[in-house]
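If you read the sequence shown in this note's numbering, its first letter stands for residue 5, the second for the next number, and so on. Everything on this sheet refers to the single structure shown next.
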Amino acid sequence: MGEPKIWKTAVYIRISKDNGEDTLENQEDIVTKYLNTLRNVQVCAIKVDDGYSGLHCNRPAFQEMLRDIEQGTIIANKAVFTGTARECRN
Numbered sequence: 005m006g007e008p009k010i011w012k013t014a015v016y017i018r019i020s021k022d023n024g025e026d027t028l029e030n031q032e033d034i035v036t037k038y039l040n041t042l043r044n045v046q047v048c049a050i051k052v053d054d055g056y057s058g059l060h061c062n063r064p065a066f067q068e069m070l071r072d073i074e075q076g077t078i079i080a081n082k083a084v085f086t087g088t089a090r091e092c093r094n
């Protein structure tokens, strides 16, 4: 049996405005707690967009994460979001 596969994971969190409990810190905590329950997961990047709507994907940290993965700056085979609304809604 070979070595277990390591899931190199990029984490993306976003919030468009402060609306109570849905904060950047809470999103990061949710993702971190979830990833800690999994085996063979290594977080290689956390990207944050504060104050950007999820209506469009043209957000600085989101685009940077995609570009870094494409260029090999971030070596990731998984991306984790707290929900699909954190990624893009269109």
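Yeah, the Cβ is synthetic: ideal placement off N, Cα and C, and Gly gets one too. Computed from a predicted model, the values in this text were never measured in an experiment.
Environment of K51 [buried if 16+ CB atoms lie within 10 Å] = buried
Could you check the C-alpha separation between E68 and L42 for me, to the nearest Å?
-> For E68 and L42, the distance between alpha carbons rounds to 26 Å.
Other residues of its chain near I78: CB distance less than 6 Å, five sequence neighbours each side excluded = A14, C48, A49 and D72
Residue range of the alpha helix (DSSP H) that R71 falls in?
-> P64 to Q75
For A65, the nearest candidate out of I10, K9 and Y16 (CA to CA) = Y16
As assigned by DSSP and simplified to three states, the class of I10 = coil
Count the other CB atoms, across all protein chains shown, that sit within 10 Å of the CB of G55; report buried if there are 16 or more and exposed otherwise.
-> Result: exposed.
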